[in-house]
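Report on the structure given below.
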């Protein structure tokens with residue numbers, strides 16, 4: 054043993070510093086972060102930029118962009134301000150995206166954890182249910198749930214969560230199956246720790262990183278699903294939504310394409326930001342993963 | 149034991165048996181959804197007749213077995229589904245099965261075209277990106293893939309429509325054939341193809357991104373393996389190396405995705421078919437939701453699920469053929 058081996062390594066910088074160092078190595082992920090912050094700022098400042106109802110008449114119908122400073126991005130065929138629609142739409146997209154993702158992750162974690170931890174017939178039954186869910190096309194099931202539950206924003210969010218849990222469930226299950234026989238879990242079991250505690254306090258924290266990364270994918274897909282519903286006029290009509298703006302813009306596509314193009318770009322950039330964010334998180338949370 | 153059966157057959161049989169509980173669960177699921185939906189068959193029927201007196205409604209409920217316990221209803225429902233009896237559509241005044249069969253062809257044509265284009269373009273572009281990893285070509289391909297992935301299918305469809313129908317006037321805006329043109333023979337085929345170009349492009353551009361990304365990662369992983377290095381050391385040229393040594397193994401995960409993706413693309417066809425007014429299952433699904441035609445909607449769910457089960461089964465077989473490491477017996 055040489056002297057160098059016994060020397061104490063310099064203290065590692067705090068976790069979040071390491072996290073940030075790994076994250077910023079990916080330039081695309083940095084762009085994703087910038088876009089994400091932009092969308093969040095839009096969602097937060099919607100009420101400051103345009104206090105009042107974004108669905109009210111704000112100017113002459115079909116004012117083109119950059120003509121009138123009261124409505125910088127123009128107005129649609131009903132005279133509604135496109136800029137304010139984009140800002141308020143960010144709010145709805147993020148809200149639905151976050152809550153639906155949480156719903157999907159919670160269902161997925163519970164089902165995946167039970168299946169992976171207990172194995173045997175529990176696993177068999179839960180996995181067959183998961184397969185059956187995966188077999189039904191997501192969007193068809195989503196439309197059916199909306200047809201049954203109605204178009205209120207709470208129900209739509211819940212329905213998006215319900216159609217999105219299968220992939221996280223499978224991931225959690227796989228993580229649990231590889232973790233449940235590790236020494237630290239055996240140790241806890243031998244100490245008489247209860248099943249619930251083992252699942253939630255021992256295994257789950259170790260199974261989380263890939264799920265956090267996948268959450269960004271669910272978020273992106275949720276936003277796409279919500280916008281598609283709103284485009285088909287099946288969304289909640291009481292809120293400004295990008296999908297709905299595009300749906301309405303379709304009627305004036307020939308004469309005023311900006312009504313559909315502007316919210317469309319908003320959706321693309323938002324979804325793109327989540328995809329890039331996910332890649333950065335992956336680099337930061339699973340640094341040893343082979344690329 | 150199945151002594152004289154070739155291993156691929158036993159494998160196929162086993163996969164079929166495994167699919168049975170999934171199909172049964174889907175039947176139970178659609179039954180539950182029907183029960184959750186407001187109103188039942190008799191309500192729809194009475195509504196269709198424009199109202200009826202209470203005694204008649206009660207008699208109808210008995211006739212339709214709606215007075216029976218839920219278990220009996222579920223059993224009868226499953227038996228009916230198993231014989232492809234999906235009930236009656238009060239919107240189309242036809243058996244649901246007939247309505248579905250009328251629409252199935254269009255959707256299958258759209259799916260087959262979009263998926264094969266997305267798959268082929270995806271693996272070619274993915275392989276190119278992987279072989280020139282981190283170059284400008286790779287960056288361009290990857291960025292385009294990400295952008296198309298982030299584009300909602302309805303937005304892409306509208307933009308295609310704006311450019312190719314409204315501005316350039318090259319392609320028809322919607323429908324599956326020119327109405328009242330009565331084309332025959334090859335003219336008819338060409339007419340249908342022209343109507344399918346934009347919907348197919350919209351769907352395939354979006355799903356291309358999935359195959360592209362997976363193929364890129366997969367090729368890069370396989371290209372690092374020892375057997376590829378050996379082949380290169382023995383003097384195999386790059387082109388041969390790619391086609392004979394790398395592709396075959398790199399394709400495996402992409403083929404799996406093909407099966408899994410099928411269900412997503414069926415969902416995506418709802419939006420695209422609705423925009424381009426293609427008379428397929430997707431447009432029917434949307435119309436059924438708007439018109440609250442639950443029987444038809446459940447029929448679509450069950451039929452789509454069956455198609456996905458069959459496609460997954462076929463992908464499993466293809467996978468087993470491609471990957472000799474899979475134990476068939």
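Chains as they are written, first to last, in this note's numbering: chain A, 54 to 344; chain B, 149 to 477.
The beta-carbon is built from N, C-alpha and C at its ideal position, and this holds for glycine as well.
Under the three-state DSSP convention, the category residue i falls into
{"i": "residue 128 of chain A", "result": "strand"}
{"i": "residue 301 of chain B", "result": "helix"}
{"i": "residue 216 of chain B", "result": "coil"}
{"i": "residue 258 of chain A", "result": "helix"}
{"i": "residue 464 of chain B", "result": "helix"}
{"i": "residue 431 of chain B", "result": "helix"}
{"i": "residue 439 of chain B", "result": "coil"}
{"i": "residue 218 of chain A", "result": "coil"}
{"i": "residue 471 of chain B", "result": "coil"}
{"i": "residue 113 of chain A", "result": "coil"}
{"i": "residue 134 of chain A", "result": "strand"}
{"i": "residue 237 of chain B", "result": "strand"}
{"i": "residue 401 of chain B", "result": "helix"}
{"i": "residue 155 of chain B", "result": "helix"}
{"i": "residue 169 of chain B", "result": "helix"}
{"i": "residue 104 of chain A", "result": "coil"}
{"i": "residue 64 of chain A", "result": "coil"}
{"i": "residue 243 of chain B", "result": "strand"}
{"i": "residue 347 of chain B", "result": "helix"}
{"i": "residue 146 of chain A", "result": "helix"}
{"i": "residue 121 of chain A", "result": "coil"}
{"i": "residue 248 of chain A", "result": "helix"}
{"i": "residue 326 of chain B", "result": "coil"}
{"i": "residue 185 of chain A", "result": "helix"}
Proximity to residue i [Cα-Cα], best of the options
{"i": "residue 141 of chain B", "options": "A:260, A:316, A:268", "result": "Because chain B spans 149 through 477 in this model, residue 141 of chain B falls outside it and cannot be assessed."}
{"i": "residue 182 of chain B", "options": "B:161, B:225, B:388, B:290", "result": "B:225"}
{"i": "residue 234 of chain B", "options": "B:448, B:463, B:469", "result": "B:448"}
{"i": "residue 377 of chain B", "options": "B:365, B:362, B:394, B:361", "result": "B:394"}
{"i": "residue 497 of chain B", "options": "B:441, B:422, B:407, B:468", "result": "Residue 497 of chain B lies beyond the range of chain B shown here (149 to 477); nothing can be said about it."}
{"i": "residue 164 of chain A", "options": "A:137, A:322, A:257", "result": "A:257"}
{"i": "residue 434 of chain B", "options": "A:281, A:133, A:292, A:249", "result": "A:281"}
{"i": "residue 146 of chain A", "options": "A:213, A:199, A:261", "result": "A:213"}
{"i": "residue 94 of chain A", "options": "A:143, A:283, A:66, A:338", "result": "A:143"}
{"i": "residue 194 of chain B", "options": "B:223, B:162, B:239, B:221", "result": "B:239"}
{"i": "residue 313 of chain A", "options": "A:91, A:130, A:161, A:86", "result": "A:130"}
{"i": "residue 193 of chain A", "options": "B:155, B:441, B:418, B:462", "result": "B:418"}
{"i": "residue 461 of chain B", "options": "B:281, B:197, B:164, B:190", "result": "B:164"}
{"i": "residue 355 of chain B", "options": "B:202, B:321, B:297, B:256", "result": "B:297"}
{"i": "residue 30 of chain A", "options": "A:64, A:65, A:68, A:87", "result": "The requested residue 30 of chain A is not part of the displayed model; chain A covers only 54 to 344."}
{"i": "residue 214 of chain B", "options": "B:454, B:199, B:179, B:248", "result": "B:179"}
{"i": "residue 478 of chain B", "options": "B:202, B:380, B:438, B:348", "result": "Not covered by the structure: residue 478 of chain B. The range shown for chain B is 149 to 477."}
{"i": "residue 279 of chain A", "options": "A:216, A:244, A:242, A:245", "result": "A:216"}
{"i": "residue 269 of chain A", "options": "A:68, A:181, A:82", "result": "A:82"}
{"i": "residue 319 of chain B", "options": "B:327, B:300, B:341", "result": "B:341"}
Outcome for residue i when other beta-carbon atoms lying within 10 angstroms are tallied against a minimum of 16
{"i": "residue 71 of chain A", "result": "exposed"}
{"i": "residue 390 of chain B", "result": "buried"}
{"i": "residue 236 of chain B", "result": "buried"}
{"i": "residue 297 of chain A", "result": "buried"}
{"i": "residue 392 of chain B", "result": "exposed"}
{"i": "residue 109 of chain A", "result": "exposed"}
{"i": "residue 301 of chain A", "result": "buried"}
{"i": "residue 295 of chain A", "result": "buried"}
{"i": "residue 44 of chain A", "result": "The question about residue 44 of chain A has no answer here: the residues shown for chain A are numbered 54 through 344."}
{"i": "residue 166 of chain B", "result": "exposed"}
{"i": "residue 343 of chain A", "result": "Model confidence at residue 343 of chain A stands at a pLDDT of 44, short of 50, so the residue's coordinates are unreliable; what they give is reported in the following sentence. Exposed."}
{"i": "residue 97 of chain A", "result": "exposed"}
{"i": "residue 61 of chain A", "result": "exposed"}
{"i": "residue 268 of chain B", "result": "exposed"}
{"i": "residue 258 of chain B", "result": "buried"}
{"i": "residue 175 of chain B", "result": "buried"}
{"i": "residue 247 of chain A", "result": "exposed"}
{"i": "residue 361 of chain B", "result": "buried"}
{"i": "residue 262 of chain B", "result": "buried"}
Given 8 Å, three or more beta-carbon pairs between the segment 287 to 306 of chain A and the segment 204 to 222 of chain A: yes
Stretch-stretch touch, CB-based, cutoff 8 Å, three pairs: the segment 182 to 195 of chain A with the segment 218 to 227 of chain A: yes
Secondary structure, alpha helix (DSSP H): runs of 4+ residues fully inside the segment 260 to 331 of chain A: DSSP runs (the alpha helix (DSSP H)) wholly in the segment 260 to 331 of chain A: 295 to 302.
Contiguous alpha helix (DSSP H) assignments of at least 4 residues, all confined to the segment 277 to 301 of chain B: 284 to 298
Contact between the segment 143 to 159 of chain A and the segment 270 to 286 of chain A (3+ Cβ pairs under 8 Å): yes
In chain order, each alpha helix (DSSP H) run of at least 4 residues that lies wholly inside the segment 199 to 244 of chain A: 206 to 215, 219 to 232, 236 to 243
Cβ contact check for the segment 164 to 179 of chain A and the segment 413 to 432 of chain B: 3 or more pairs under 8 Å: no
Segment contact flag, the segment 336 to 346 of chain B with the segment 399 to 406 of chain B, C-beta cutoff 8 Å, min 3 pairs: no
Cβ contact (3+ pairs, closer than 8 Å) linking the segment 258 to 269 of chain A and the segment 225 to 242 of chain A: The segment 258 to 269 of chain A, when compared against the segment 225 to 242 of chain A, does touch it at the 8 Å Cβ threshold.
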